[in-house]
Amino acid sequence: MSFRKRNLGLSSQNSPTSTSSSSSSQVQPPPPGTRPSPIDGRPITSTGTPSLDALSGGHGGLVLGNSLLIEESGTTDFAGTLLRFYAAEGVVQGQQVHVVGVPEEWGRGLPGLVEGKDGGRGTEGSEGEAEKEKMKIAWRYERLGQFGEERETGARNPRAPTPKRTPFSLSPSSSDAAAQNHQPFCHTFDLTKRLIPPSSSAPIIYHPVSPTNPDPFALLLSSLSNSLTTSPHSLPHRVIIPNLLSPLLYPFTAAHPHVLLPFLHSLRALLRKHPSQITVMITLPLTLYPRHSGLLRWTELLIDGVIELTPFPHDYSLAASETTKTAKGKEDEKPQGLLKVLKVPVLSEEGQGLGASGGGGEDMAFWVSRRRFVIKPFSLPPVEGDQEAQGDATKVDIDF
Amino acid sequence: MPSQPPIPPLLSNHFAVPPESSLTLLTSVLGASSNWLLVRFLYSALISRKAPDASLASDNEAKVVLVSWLRDWSFWKEGAKRLGVALTKSSSVTFLDCLGTGLGLKDGGIEQVEGKVLDATTELKNDGSKVIVILDGIDLLLAATETSVGEILDCVGELREHAAIILTLSADAPLLHTRHTPLEINHASLVMSLSHQARLVLGVRELDTGVARDVSGALRIGRGGGDGAEGLEEKELLYFVAGDGGVRVFERGA
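Protein sequences, first through last, are from chains H and G.
Be aware that the first sequence starts at 1226, since it is given in the working numbering, and climbs by one per residue.
Be aware that the second sequence starts at 476, since it is given in the working numbering, and climbs by one per residue.
Now the structure itself:
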């Protein structure tokens, strides 16, 4: 008896959480900048940073209807870099981008698109080649790259649910779908350039936060909700909330649990109400709101994914030794900080451990260069002169 | 990997339908969610199993009032579907969506929650069946609203007169041990009071030794201060939740 029921459950598990989203996507091409997750077919969208997409536990991007919190300690703004890539990706993909609390200059400073053979998927490929030896987390990501390419050529991937794919070739809008398939899933951006938004993209919507209103979030929620319900159902939205609770942008009352937590709860409700329409990325300064406080823990509990960045302090002696490496053309060799995955969207809710995220439980570090934000497993460099250790220093293998 | 039985064999007794008016606590932390436990309580309540022990066979089925502040209906439906139970609101489950409606966070406060849950319980009890009330994330009311510890305890106490209660609470260290702000002090006091009343406390947390690929976390089973768990063994186990939702529970070192 129980055996039969178990089989029933297994056979139907491939369908996405929301039945409404699956039925609607059967008659439409995928919304701009999304593709079905190779795990369960739910629509995913790129964060604009391939190695951050790879930390989603096999989904290969941020699953729509989920939020991501990036915490950073210290005075640096690496989290802001991730946020800018995320925003720029949204603009380039033609998604509706919402920016909360910061002036419009923020949106004008988005990183520019790298064109030509270096842009789009081409860079993903060349990056993958160059990094083949170093990038240990890449096996998941590379598989996803192949997944995307197979899709472009029309080949069937047995792992992906077929009902989402079949209509593309049958529906009259197949040419649209084909055109969209040529659009890369994740672009490459150059931090030193300025983004020129494509003519087709919707203008960024800015949601100002009044520094004098004791509840700065009240208006934000209603305008977000309005925008979601009035826009076409197929248009994905990205909400960007830089430096949440920073005293430069928010009144001190915003950090009161009775103001902040109801807002985050309502934001969570909004995400669940429109599971195929919206993603949110938030950054938060940890120096002001340390992780050992109850308020921040509740914040993390109410958001779907949490990542902590701990930048290394700038070390001038290391910077000096760096010049020798630069000569060898490895200027981005030195990690700029540690990255810790604290919660993974979707997976953490199901009870899966953090080992299931792309990182596989290894210590992660990040490197930022002009065009890339790279997240890789972190290993300390071998002691200089220790020839034996230098041979296999990158092999970090812990058995449990 | 072969598919796992819905209820891990090592826990078969713990997932039995809890006795009338008992309180069962599920605690979780940020990196280790107790949702997989809750889904299995739903499963064991809703599916009529032939219990090997004949004395258990009479009360191995119950109806459920599921009240969730943190997760929506489709999440629970999907979780139950993976175990082979189709949740439909009409049958033996009543779902109160406190995430979408903000029930308890708005003007009505916790009295409104209590009223709605009692209404739903009475309705399900009409045909004489047993009812379990699951409150998922009621501690949010304490953190996000003016609701006091006493009001939540009163609400739980009142509901226990009508049904067995399963509660999920966050047991992260910053919420239990910091105790600087009212939020932290109240949370610690709520968790403490409820675990004194509880029959059984099932706590999941991350591994103390770090993240592993093949272990999702540790599950600590302890008897609370309340009665009703005499036959149940206290133990600590490891568990692994696979990508397909299947769960393996095993002894340390197994």
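Beta carbons are placed, not taken as given, at the ideal position from N, Cα and C, and that holds for glycine.
Would you identify the three-state DSSP class for residue i, choosing helix, strand or coil?
i: GLN1321(H); result: strand
i: GLU1349(H); result: The predicted model places GLU1349(H) with a pLDDT of 42, which falls under 50 and marks its position as unreliable, so this point remains unresolved.
i: THR597(G); result: helix
i: ASP1529(H); result: coil
i: LEU1469(H); result: coil
i: GLY584(G); result: helix
i: ILE613(G); result: coil
i: GLY1266(H); result: coil
i: GLY1326(H); result: coil
i: TRP544(G); result: coil
i: PHE1603(H); result: coil
i: SER670(G); result: helix
i: ASP1415(H); result: strand
i: THR1512(H); result: coil
i: ASP683(G); result: coil
i: SER508(G); result: coil
i: LEU1294(H); result: strand
i: THR1274(H); result: coil
i: THR1524(H); result: helix
i: PHE1410(H); result: coil
i: HIS662(G); result: helix
Could you name the residues of chain G that residue i contacts, counting a contact when the two beta carbons are closer than 8 Å?
i: LEU1579(H); result: GLY506, GLU681, VAL686
i: GLU1297(H); result: The contacting residues do not exist; GLU1297(H) stays about 17 Å from chain G at best.
i: SER1473(H); result: It is worth fixing the name first, because residue 1473(H) is Leu in this sequence and not Ser. Going along chain G, no residue has its Cβ under 8 Å from LEU1473(H), so there is no contact; the nearest lies around 23 Å.
i: ARG1493(H); result: LEU545, LEU574
Quick one: what's got a C-beta closer than 7 Å to residue i's C-beta in the same chain, skipping five residues either side?
i: LEU1420(H); result: ALA1313, VAL1316, LEU1335, PRO1336, GLY1337, LEU1338
i: GLY1299(H); result: THR1512, PRO1536
i: GLY1562(H); result: PHE1303, LEU1534, THR1535, PRO1536, PHE1537, ALA1590, PHE1591
i: VAL716(G); result: TRP511, SER691, VAL722
i: ILE660(G); result: ARG654
Does the distance from the C-beta atom of residue i to that of residue j stay below 8 Å?
i: VAL608(G); j: LEU617(G); result: no
i: VAL1322(H); j: LEU1474(H); result: no
i: GLY720(G); j: LYS1568(H); result: no
i: LEU513(G); j: THR596(G); result: no
i: VAL492(G); j: ALA537(G); result: yes
i: ARG635(G); j: LEU498(G); result: yes
i: LEU1449(H); j: VAL1434(H); result: no
i: SER1292(H); j: LEU1496(H); result: yes
i: LEU545(G); j: LEU593(G); result: no
i: ALA1279(H); j: GLY718(G); result: no
i: VAL1218(H); j: HIS1490(H); result: In the structure as shown, chain H starts at 1226 and stops at 1625, and residue 1218(H) therefore has no counterpart that could be examined.
i: SER1447(H); j: GLY1290(H); result: no
i: SER670(G); j: LEU500(G); result: yes
i: VAL1288(H); j: PRO1461(H); result: no
i: LEU599(G); j: THR569(G); result: yes
i: PHE550(G); j: GLU1574(H); result: yes
i: SER543(G); j: LEU580(G); result: no
How would you list, in chain order, the residues of chain H whose beta-carbon sits under 8 Å from the beta-carbon of residue i?
i: ASN730(G); result: Not covered by the structure: residue 730(G). The range shown for chain G is 476 to 729.
i: GLU495(G); result: What GLU495(G) touches in chain H: nothing, since even the nearest Cβ is about 26 Å away.
i: PRO649(G); result: ARG1516, HIS1517, SER1518, GLY1519, LEU1521, ARG1522
i: LEU658(G); result: PRO1482, GLY1519, LEU1520, TRP1523
i: GLY653(G); result: The question names Gly, but residue 653(G) is Thr in the sequence shown. Those within 8 Å of THR653(G) in chain H are HIS1517, SER1518, GLY1519.
i: LEU707(G); result: By Cβ distance, chain H contributes nothing, its closest Cβ being about 21 Å from LEU707(G), past 8 Å.
i: HIS662(G); result: GLY1519
Please list, in chain order, all residues of the same chain as residue i whose beta carbon is under 6 Å from its beta carbon, the five residues on each side excluded.
i: GLY1258(H); result: THR1270, GLN1318, GLN1320
i: LYS552(G); result: LEU562
i: PHE1488(H); result: PHE1442
i: SER508(G); result: none
Could you work out which residues of chain C lie near residue i, taking near to mean beta carbons separated by less than 7 Å?
i: LYS1498(H); result: In the displayed structure, chain C is absent; the protein chains listed are H and G.
Using a cut-off of 9 Å between C-beta atoms, extract the partners of residue i located in chain H.
i: GLU666(G); result: The residue asked about is misnamed: residue 666(G) is Val in this sequence, not Glu. In chain order: nothing, as chain H lies at least about 12 Å away.
i: PHE516(G); result: Under the 9 Å cutoff, chain H gives no residues; its nearest Cβ is about 13 Å from PHE516(G).
i: SER691(G); result: GLY1576, GLN1577, GLY1578, LEU1579, GLY1580, ALA1581
i: VAL568(G); result: Per Cβ cutoff of 9 Å: no residues; VAL568(G) is ~16 Å from chain H at best.
i: GLU621(G); result: HIS1483
i: TRP551(G); result: In chain order: nothing, as chain H lies at least about 10 Å away.
Along chain G, which residues have their Cβ under 7 Å away from the Cβ of residue i?
i: LYS1568(H); result: LEU505, GLY506
i: PRO1439(H); result: Per Cβ cutoff of 7 Å: no residues; PRO1439(H) is ~15 Å from chain G at best.
Can you name the residues of chain H whose CB is closer than 7 Å to the CB of residue i?
i: SER645(G); result: LEU1526
i: ALA618(G); result: PRO1482, LEU1486, TRP1523
Residues in the same chain with beta-carbon distance under 8 Å from residue i, minus the five sequence neighbours each way, listed in chain order, please.
i: PRO1439(H); result: PRO1476, THR1478, VAL1484
i: HIS1517(H); result: none
i: THR576(G); result: none
Quick one: list the residues of chain G neighbouring residue i, beta-carbon separation under 9 Å, in chain order.
i: ILE1264(H); result: GLY718
Pick out the complete alpha helix (DSSP H) segments inside the stretch 613 to 658 of chain G, 4 residues or longer, and give them in chain order.
-> Fully enclosed alpha helix (DSSP H) runs of 4 or longer: 614 to 619, 624 to 635, 648 to 651.
Let me know the beta strand (DSSP E) ranges lying completely inside the stretch 1441 to 1490 of chain H, each 3 residues or longer, listed in chain order.
-> Those beta strand (DSSP E) runs which fall completely within the stretch 1441 to 1490 of chain H and span 3+ residues are 1462 to 1466.
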